[in-house]
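Participant:
In our numbering, the protein residues as written are 244 to 789.
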């Protein structure tokens, strides 16, 4: 008390202000108020308090403000640096990594929190050399066997396709202190690079040991299953069926049954799960709703979604709505699609709506297929991150709704975003050309697919291009394209010629069209094929008589 009385009025005022600042900073502050608060901190020299600086750095989102604050600390400890590294590990990974160099120059010792957030930053920097360098530092420190740090390192290695073996080796070395997060990180790594069989092997190993996979783990497992094809799926279904009633395994089976087209078995399993367990998680609901959509059953998908809404124990997430929006697009229900979008706006943050590429693409696809191109464009323009799938959905939407020139212009703008086109991009462009009769543009695009972009055209590309040529009356050129195809033309390709072929007395052309179309068309469409050919022959007969 005596020491307080001996202080000058200005010192007492500074102490009082310092206490006020600490009390204020504990409460949420708007950005404008935060900058005003920062001015008060500097005015009373309160930024020298490491505790206050740590809280401030955690609130400041602009690197220059945080770096200035750290640079003004006379006797800093590790905590303000940890706060800054944590903030910038996502948004500015190179800033976070630079801070590590700076704190080493100040002879500060990093701790487990420092390394964990630095590994996160190194993975977001997309340069595995940063992971190597940090790993070397960890080996020299006390944290080489720290579970927290090891899991962060494992997660970092698992984000680089060429270093999954390093991640797996680290995982094997963690046998004594392996935790659920370790399994999730490695499984996510294999799933990220479409290694379905490796992912499922790890998943079953995890189940056998007795770990209960989290929702995040299950999402990765189901994502990896999408890369399985043919006999691989059959093999894993048989293996998974041996696990009987294991809940996590049943969720994977739900997805695989749907992928095999065995949607009835999938639904039976789903209904049994609900009856046996009662409350099932959102991942199981999503797998079943998605299964109905994938198998062309949008009404059943929507019915199940509304059943989910009635189940108060489980709330839909943005993954649920990707399937729901696809179902709305399939049935062309714009009102329901709008309702789903409004529901998302209420339940999901604006940041997720703008940054989630899969959700944004589903919205674009729904609005385009329901004929509301204005809303589709709004969603596309608001997206902060766009990939090739987003561009493809918008290009196809423009092509379907009479804005073919805009679709071609959008393709040109892909280069500004450094987005590389794929086969889906060119299918949308060819559709745009076919709908508008742009033959020359279509020829250039079709030739560029292989020559410029080294993409092998698929049957859909050939069908779209021959449709364009046939609509414009270039039957002989279209037939030449079909004859030179490196793959066998199917009914889709022949149908594109036959459906729009103008009457011509070229009997050889008619014979080739007839043989090709009827041989390649499934039996169920044989009657329609004959009917179309008879109509064409009748038209040619009229032309010959005249």
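Cβ atoms here follow ideal geometry from the backbone N, Cα and C, with glycine treated the same way.
Nothing here was measured: the structure is a model prediction, and the numbers come from that model.
As a quick exercise: from 665, 424 and 509, pick the residue whose alpha carbon is nearest that of residue 697.
Facilitator: With distances taken between CA atoms, residue 697 lies nearest to 665 out of 665, 424 and 509.
Participant: Since residue 240 and residue 332 should fall inside the 8 Å C-beta cutoff, what is the C-beta to C-beta distance between them, to a whole number of angstroms?
Facilitator: Absent from the structure is residue 240, since the part of the chain shown begins at 244 and ends at 789.
Participant: Indicate whether the contact test is met: 3 or more Cβ pairs, each with one atom in the segment 457 to 476 and one in the segment 430 to 443, closer than 8 Å.
Facilitator: yes
Participant: Can you list, in chain order, the residues of its chain with a C-beta nearer than 7 Å to that of residue 796? Leave out the 5 residues immediately preceding and following it.
Facilitator: With the chain represented from 244 up to 789, any question about residue 796 goes unanswered, as that position is not in the structure.
Participant: Suppose contacts are defined by Cβ-Cβ distances below 8 Å. Is residue 610 in contact with residue 645 by that definition?
Facilitator: no
Participant: How big is the Cα-Cα spacing for residue 658 and residue 584?
Facilitator: Taking C-alpha positions only, residue 658 is separated from residue 584 by approximately 29 Å.
Participant: Could you check how far apart the C-beta atoms of residue 640 and residue 626 are, in whole angstroms? I think they sit under 8 Å.
Facilitator: Contact doesn't hold; Cβ gap of about 14 Å is too wide.
Participant: Once you ignore the five residues that flank residue 254 on each side, which residues in its own chain have a CB closer than 7 Å to its CB?
Facilitator: Summary for residue 254: the model assigns pLDDT 48, below 50, so the residue's position carries little reliability; its value from the coordinates is reported in the next sentence. Taken in chain order, the list of residues that qualify is empty.
Participant: Hey, residue 321 and residue 295: beta-carbon distance below 8 Å or not?
Facilitator: no
Participant: Cα separation between residue 675 and residue 653?
Facilitator: 12 Å
Participant: In or out: residue 482 buried (at least 16 other Cβ within 10 Å) or exposed?
Facilitator: Burial call: exposed.
Participant: Do residue 360 and residue 389 count as a contact pair if the criterion is CB distance below 8 Å?
Facilitator: no
Participant: With the cut-off set at 8 Å, would you say residue 323 and residue 313 are in Cβ contact?
Facilitator: yes
Participant: Give the straight-line distance between the Cα atoms of residue 740 and residue 711, rounded to the nearest whole angstrom.
Facilitator: Their Cα atoms are separated by approximately 9 Å.
Participant: Please work out which residues of its chain come closer than 8 Å, Cβ to Cβ, to residue 607, disregarding the five sequence neighbours upstream and downstream, and give them in chain order.
Facilitator: 619, 622, 623, 633, 636, 637 and 640
Participant: Alpha helix (DSSP H) containing residue 628: first to last residue?
Facilitator: For residue 628, there is no enclosing alpha helix (DSSP H), as DSSP marks it with neither H nor E.
Participant: So, residue 536 versus residue 491, is the Cβ gap smaller than 8 Å?
Facilitator: Taking 8 Å as the Cβ cut-off, residue 536 and residue 491 do not qualify as a contacting pair.
Participant: Quick one: using the 10 Å Cβ neighbour count with 16 as the cut-off for buried, is residue 325 buried or exposed?
Facilitator: Under this definition residue 325 is a buried residue.
Participant: Taking only three categories from DSSP, how would you classify residue 476?
Facilitator: The DSSP-derived three-state label of residue 476 is helix.
Participant: Using the C-alpha atoms, what's the distance from residue 735 back to residue 370?
Facilitator: 45 Å
Participant: Going by beta carbon distance, what residues of the same chain come within less than 7 Å of residue 615, once the five residues before and after it are set aside?
Facilitator: 577
Participant: What first and last residue would you give for the alpha helix (DSSP H) that runs through residue 312?
Facilitator: 306 to 314
Participant: DSSP state of residue 493, grouped into three classes?
Facilitator: helix
Participant: So for residue 541, helix, strand or coil by DSSP?
Facilitator: helix
Participant: According to the Cβ coordinates, are residue 479 and residue 443 closer than 8 Å?
Facilitator: Yes; because the gap between Cβ atoms is below 8 Å, this pair is in contact.
Participant: In chain order, what residues of the same chain lie with their CB nearer than 6 Å to the CB of residue 336, ignoring the 5 residues before and after it?
Facilitator: 364, 367 and 368
Participant: My parser needs the alpha helix (DSSP H) runs of 4 or more residues fully inside the segment 381 to 435; what are they?
Facilitator: 390 to 400, 407 to 416 and 423 to 435
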